[in-house]
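Here the structure comes first, spelled out in structure tokens, and everything after it is commentary.
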Amino acid sequence: MSDSPLSTPLRAGPCTIVIFGASGDLTKRKLLPSLYNLAAIGMLPEDFSIIGVARREMSHEEFREQMTKGIHAFGTQKIDPSLWQRFVERMYYCRGNFDDEATYTRLKDLLDQSEKKHRTGGNALFYLSVQSIYFGQIPTQLKAKGMLEEGDGRWRRVIVEKPFGHDLASSRELNREIRSALAEPQIFRIDHYLGKETAQNILIFRMGNGMFEPIWNRRYIDHVQITVAESIGVEGRGAFYETAGAFRDVMQNHMFMLLALVTMEPPTSFSGEAVRNEKVKLLEAMRLLTPEEVDRDTVRGQYGPGQVNGQAVKGYRQEPNVDPESTVETFAAMKLWVDNWRWAGVPFYLRSGKRLPKRSTEIVVRFKNAPLDIFGENESDPVGPNRLIFHIQPEEGISLQVRAKIPGPTIRTRGVKMDFNYHQFGDVAPTTGYEKLLYDCMIGDSTLFHRTDMVDTAWKVAQPILDGWGTHAPTDFPNYAPGDWGPRAAEDLISRDNHTWWVEPKAQS
Numbered sequence: 124m125s126d127s128p129l130s131t132p133l134r135a136g137p138c139t140i141v142i143f144g145a146s147g148d149l150t151k152r153k154l155l156p157s158l159y160n161l162a163a164i165g166m167l168p169e170d171f172s173i174i175g176v177a178r179r180e181m182s183h184e185e186f187r188e189q190m191t192k193g194i195h196a197f198g199t200q201k202i203d204p205s206l207w208q209r210f211v212e213r214m215y216y217c218r219g220n221f222d223d224e225a226t227y228t229r230l231k232d233l234l235d236q237s238e239k240k241h242r243t244g245g246n247a248l249f250y251l252s253v254q255s256i257y258f259g260q261i262p263t264q265l266k267a268k269g270m271l272e273e274g275d276g277r278w279r280r281v282i283v284e285k286p287f288g289h290d291l292a293s294s295r296e297l298n299r300e301i302r303s304a305l306a307e308p309q310i311f312r313i314d315h316y317l318g319k320e321t322a323q324n325i326l327i328f329r330m331g332n333g334m335f336e337p338i339w340n341r342r343y344i345d346h347v348q349i350t351v352a353e354s355i356g357v358e359g360r361g362a363f364y365e366t367a368g369a370f371r372d373v374m375q376n377h378m379f380m381l382l383a384l385v386t387m388e389p390p391t392s393f394s395g396e397a398v399r400n401e402k403v404k405l406l407e408a409m410r411l412l413t414p415e416e417v418d419r420d421t422v423r424g425q426y427g428p429g430q431v432n433g434q435a436v437k438g439y440r441q442e443p444n445v446d447p448e449s450t451v452e453t454f455a456a457m458k459l460w461v462d463n464w465r466w467a468g469v470p471f472y473l474r475s476g477k478r479l480p481k482r483s484t485e486i487v488v489r490f491k492n493a494p495l496d497i498f499g500e501n502e503s504d505p506v507g508p509n510r511l512i513f514h515i516q517p518e519e520g521i522s523l524q525v526r527a528k529i530p531g532p533t534i535r536t537r538g539v540k541m542d543f544n545y546h547q548f549g550d551v552a553p554t555t556g557y558e559k560l561l562y563d564c565m566i567g568d569s570t571l572f573h574r575t576d577m578v579d580t581a582w583k584v585a586q587p588i589l590d591g592w593g594t595h596a597p598t599d600f601p602n603y604a605p606g607d608w609g610p611r612a613a614e615d616l617i618s619r620d621n622h623t624w625w626v627e628p629k630a631q632s
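Heads up: the sequence shown begins at 124 in the working numbering, then just goes up one per residue.
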């Protein structure tokens, strides 16, 4: 089978899916609904089994009952009882601690039994939905028990969730540990943002339409903005957020990779390695900020207490498991540069935060103004330049903002939008965003997953920012109210270049 993501979808081959951390929310909310959706469209193997591994004491039957409740609560489509029964009959549970050798002995026995009963061909996909401290430990234990050996057509693969390291040094150490147990083609470092349809569509839109590729460069593009906004706070994840913050949680991984999709050179093909090679080249071209640039071109923020829609909300420092004097950022913004022939001189503005006005992930490509303003004072609104907007969540789609004449006897113009959304393909079943990623791992397509050198290069770009922030602790936290677009300094960052952050205007009546 071709490893191209553009191939006609085919049913994946037989395999067992082993989920470490199966009692957690990710399994109920994303992984099981995704696997069910794949089965519903005929892309999950006929011969498969699912083994959940977690610390909680639970029987096979109790696990099946818990997953059944989960699929009815979080499934994205109506559940067919007969199809779900096929899942129930192939579901098993292995209780144990992830650092206990006995856990892996029990898992191996269960995997062998499942292989014989469900004809999975010895193929296994291990999904690590666990704390990052176990990312290296679990593959080491699996290897010690012979569960990662391949041969005679049998494959073994491991999906690793984020965060992948805490900084450049820890990332390299984690890679060293994982690579001691696995070959690179067996490692699938997942980024769920890249499973979203619009994120996948960026390359297709750029390179499948002859009207855009000739103008996709510094001559025609003024700047690019990427926003990942959440309206909620840390939602009980205070302990995790205290070790991560907005920059590590979202920006260093998801947003850098979205930036790579927008800016990378066309690959020689859409095979996994060709695409990933170009991503690495792009990440290597990102400018490493000096200490002075970190001070000038990056912004940190933390939300305080306030009101949202008339309801009182806590500040970050009042959230559970958060230090009352925490200096962890819940908002980050920065200006970055890509120093290559295509993008030299084009600024890239990134911002991400919690407790912002709305949930939204957008990429805004702002084209340069027309060379001569011949309409003068006839403009009826201030929207002048063309913008191409990739809406990644919550509503997925693409908008092109252009200028048009308002009907009437006089020359007056206004910005209008030409919109694409996925409803234009007809009734498309809602998805979780994990279907494509799970399927690709089962067929061995690594295009949307991060290679070792991609992770390393992204951390190289991030490290000077972390170093600069570590040298000077913020003294003004909290510095934005819930429901605001971050601290004032974020507006100053972009306004110094005579730009403003893009916010979707309200529809005109």
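Glycine is no exception: its CB is placed at the ideal position from the N, C-alpha and C atoms.
DSSP beta-bridge partners of residue i
| i | result |
| --- | --- |
| Ala247 | Thr139 and Arg279 |
| Asp542 | Ser522 |
| Trp460 | Pro470 |
| Ile173 | Ile140 and Met214 |
| Phe490 | Ile344 |
| His514 | Glu485 and Gly520 |
| Arg229 | Arg229 pairs with nothing; no bridge assigned. |
| Arg465 | None, per the DSSP bridge assignment. |
| Arg423 | Ala455 |
Beta-carbon separation (whole angstroms), residue i vs residue j, contact threshold 8 Å
| i | j | result |
| --- | --- | --- |
| Tyr227 | Gly175 | Not really, about 15 Å apart at Cβ, beyond 8 Å. |
| Phe171 | Cys138 | 6 Å |
| Asp579 | Ser293 | With 8 Å as the limit, Asp579 and Ser293 do not qualify as a contact, their Cβ atoms being about 12 Å apart. |
| Gly318 | Tyr159 | Actually they do not touch by this definition, with Cβ atoms about 16 Å apart. |
| Ile142 | Ser252 | 6 Å |
| Lys437 | Glu353 | That pair is no contact at about 15 Å. |
| Pro156 | Phe197 | 6 Å |
| Arg510 | Arg489 | 5 Å |
| Arg410 | Trp460 | 4 Å |
| Ser475 | Ala369 | 5 Å |
For residue j and residue i, the rounded distance between their alpha carbons
| i | j | result |
| --- | --- | --- |
| Asp620 | Glu627 | 20 Å |
| Ala604 | Trp625 | 19 Å |
| Gly591 | Pro610 | 19 Å |
| Glu273 | Ala247 | 10 Å |
| Ser130 | Arg277 | Interpretation of Ser130 is limited by its pLDDT of 45, a score under 50 that renders its predicted location unreliable; the figure taken from the coordinates is listed afterwards. Each residue's Cα considered, the two are about 22 Å apart. |
| Trp339 | Lys192 | 48 Å |
| Met181 | Gly147 | 13 Å |
| Glu336 | Met330 | 6 Å |
| Phe572 | Asp563 | 9 Å |
| Asn376 | Gly531 | 49 Å |
| Glu188 | Ala435 | 38 Å |
| Gln254 | Lys528 | 56 Å |
| Asp615 | Glu184 | 58 Å |
| Ala383 | Glu416 | 21 Å |
| Glu320 | Pro390 | 20 Å |
| Ala646 | Glu300 | One cannot answer for residue 646 here, as it falls past the ends of the chain, which runs 124 to 632. |
| Met541 | Arg574 | 36 Å |
| Ala636 | Gln264 | Past the boundaries of the shown model lies residue 636; the chain is included only from 124 to 632, so the question cannot be answered. |
| Lys458 | Asn332 | 29 Å |
| Thr554 | Pro414 | 43 Å |
| Leu405 | Asp462 | 9 Å |
Exposure of residue i, with buried meaning 16 or more beta-carbon neighbours within 10 Å
| i | result |
| --- | --- |
| Leu206 | exposed |
| Ile256 | exposed |
| Lys240 | exposed |
| Gly468 | exposed |
| Asp607 | buried |
| Asp222 | exposed |
| Ala135 | buried |
| Thr594 | exposed |
| Arg423 | buried |
| Val525 | exposed |
| Leu230 | buried |
| Trp464 | exposed |
| Pro168 | buried |
| Gln200 | exposed |
| Pro262 | buried |
| Asp372 | buried |
| Ser303 | exposed |
| Thr421 | buried |
| Thr243 | buried |
| Leu133 | exposed |
| Gln425 | buried |
| Glu296 | exposed |
Interface flag, residue i vs chain C, CB-CB below 7 Å
| i | result |
| --- | --- |
| Leu265 | Within the model displayed, chain C is absent; a lone protein chain is all it includes. |
Would you call the stretch 513 to 528 in contact with the stretch 480 to 489, where contact means no fewer than 3 C-beta pairs closer than 8 Å? yes
Any chance the stretch 582 to 597 sits against the stretch 306 to 319, with 3 or more Cβ pairs inside 8 Å? no
Contact between the stretch 446 to 453 and the stretch 383 to 398: three or more CB pairs below 8 Å? no
State whether the stretch 413 to 432 contacts the stretch 335 to 352, with contact taken as three or more CB pairs (one from each stretch) at a distance under 8 Å. Cβ pair count under 8 Å is below three, so no.
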